[in-house]
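Colleague: Sharing a structure, written as C-alpha cells. Questions coming.
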C-alpha cells in the first residue's frame, strides 16, 4: 500500500521542453482508447537507461524500471543503477524499492508496473518502461489488463555482440575501480550461501564468494590471483547474460510478433569522447525521437500537431526529420 500510494503521489517536475513549454499528453487522448507506452529494450550495457533519459528530456515522461536486480535497494555499483545525477530530474519508478532478501516475481512486477504506468498516465505523462529483464517485460505485455489498456512502441538498442562483450568487460573493470568488491563484501554472510533469491542473484555477488571466504587465510599473491579469477568469472557471466538477452529479444520479435524499432549503436561503442556522443545522438537518440513522435502523433487530431510541435525539443541532428514526420 505504501509503495502504491508513493507512486501515485509522485509529482517530481519533468524537465522543461523547448521555450519552457510543456507538452500536454491529453492531446493524444483524442480519438483513442488505449494509453501510449514506450518500451526500451536491449542487452545489458547497450545504453537503455541513457536513451530513456534522453527521450524523457524531449517528451514529458516518467520511467518505470523493469530490471529485476535494480528493483532492490543496495548494491548500486553491482546492479549498475542509474545515479540521481544521471536521472536529470526525471521521475523513476520501481528503482531501489525492495529489501535485498525479498522475493520479487514476474507477477509482482506486473502488478507494480501496471500501477506505476497507470499513475504516470494519470498525470498526463508518457510512461517509458526500460530494463534488461525481458521475461518481466514479456509477462507485462502479455498481461490481459495491460494489453487491453496500453498501446506500446518498442525501441531496441542493438550492439554487435563482440563489441558489446568488450565493452561490458571494460565496464566490470570500472566497477571494480569504483568499489564493487567492497560493496559486495557488505552483503557477504558466511552463514548464507543461498544465491538463488533476492539481490544476491546479481552477477558479481556469487562470483566473489570464494574470494571472501579464503582471503584472510591467503598470502597476498594468492589472494590477488583468486580475486582476478573472480573478476574474470564476472566478465564471462556478464557476456553470457548479454548473449542470452539478445537471443530473448530476437525470440520475442519472432514468436510474439513484437514490432521492434531497432537502433544499431555499434558505431557509438567503437568511438570515444565527443565522437561517441555525436554518434549516439545521430544513430540512436535522433531516430528514437522521430519514432516516438510519430507514435504519439498518429492518433492526434491534426489541430493538435502544431501545438505539440512547439512543445517537443527535437534532437539536434534530426529537427528537419521530425518536422517532416509530423507534417
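In my numbering, the protein residues as written are 19 to 345. By construction, the Cβ of each residue, glycine as well, lies at the ideal position given by its N, Cα and C atoms.
1) Which runs of the alpha helix (DSSP H) spanning at least 4 residues fall entirely within the stretch 224-299, listed in chain order?
2) Measure the beta-carbon distance from residue 361 to residue 90 and round it to whole angstroms, keeping in mind my assumption that it falls under 8 Å.
3) Measure the CB-CB distance between residue 134 and residue 108 and report whether it falls below 8 Å.
4) For residue 220 and residue 259, I'd like the C-alpha separation in whole angstroms.
5) Report the three-state DSSP secondary structure of residue 83 (helix, strand or coil).
6) Hey, quick one: how far does the alpha helix (DSSP H) through residue 185 stretch, first residue to last?
7) Once you ignore the five residues that flank residue 232 on each side, which residues in its own chain have a CB closer than 7 Å to its CB?
8) Is residue 273 buried or exposed, if buried means 16 or more other CB atoms sit within 10 Å of its CB?
9) Taking contact to mean 3 or more Cβ pairs, one atom from each stretch, closer than 8 Å, check whether the stretch 196-210 and the stretch 171-180 are in contact.
10) Can residue 282 and residue 297 be called in contact, C-beta distance under 8 Å?
11) Out of 266, 132, 271 and 120, state which residue places its alpha-carbon closest to the alpha-carbon of residue 212.
12) For the structure I just gave you, are there three or more beta carbon pairs, one from the stretch 59-66 and one from the stretch 129-146, closer than 8 Å?
13) Taking residue 68 as the reference, give the member of 83, 92 and 104 with the closest Cα.
14) Contact check, residue 154 vs residue 127 under 8 Å by CB: the rounded distance?
15) Is residue 205 helix, strand or coil when you go by DSSP?
16) Give the single residue among 237, 150 and 254 whose Cα lies nearest to the Cα of residue 266.
17) Flag this pair as yes or no: are the beta carbons of residue 253 and residue 144 separated by less than 8 Å?
18) In the DSSP assignment, the beta strand (DSSP E) including residue 148 goes from what residue to what residue?
19) Cα-Cα, which of 106, 123, 125 and 101 is closest to residue 114?
20) Find out if the Cβ-Cβ distance for the pair residue 156, residue 278 is shorter than 8 Å.
21) Whole-angstrom Cβ separation of residue 99 and residue 122, contact assumed at under 8 Å?
22) Which residues does DSSP list as the beta-bridge partners of residue 211?
23) DSSP has residue 172 in a bridge; who is on the other side?
24) Among all the DSSP beta bridges, which residues are the ones paired with residue 116?
25) How would you call residue 72, buried or exposed, if buried means at least 16 neighbouring beta carbons within 10 angstroms?
26) Classify residue 218 as buried or exposed, calling it buried when 16 or more other Cβ atoms lie within 10 Å of its own Cβ.
27) How close, in whole Å, do the beta carbons of residue 131 and residue 82 come, if the pair is a contact with beta carbons under 8 Å?
28) If contacts are defined as beta-carbon pairs under 8 Å, then residue 250 and residue 183 qualify, I think. What distance do you get, rounded to the angstrom?
29) So, residue 171 versus residue 310, is the Cβ gap smaller than 8 Å?
30) To the nearest angstrom, how far is it from the Cα of residue 295 to the Cα of residue 226?
Modeller: A quick look at the data gives this:
1) 227-232, 238-273, 284-287 and 291-298
2) Since the displayed the chain opens at 19 and closes at 345, residue 361 lies outside it and no answer follows.
3) no
4) 11 Å
5) strand
6) 179-195
7) 244
8) exposed
9) no
10) no
11) 120
12) no
13) 104
14) 5 Å
15) coil
16) 150
17) no
18) 144-148
19) 101
20) no
21) About 15 Å; that fails the 8 Å criterion.
22) According to DSSP, residue 211 bridges with nothing at all.
23) 57 and 278
24) 90
25) buried
26) buried
27) 6 Å
28) At roughly 13 Å, the Cβ-Cβ gap does not stay under 8 Å, so residue 250 and residue 183 are not in contact.
29) yes
30) 34 Å
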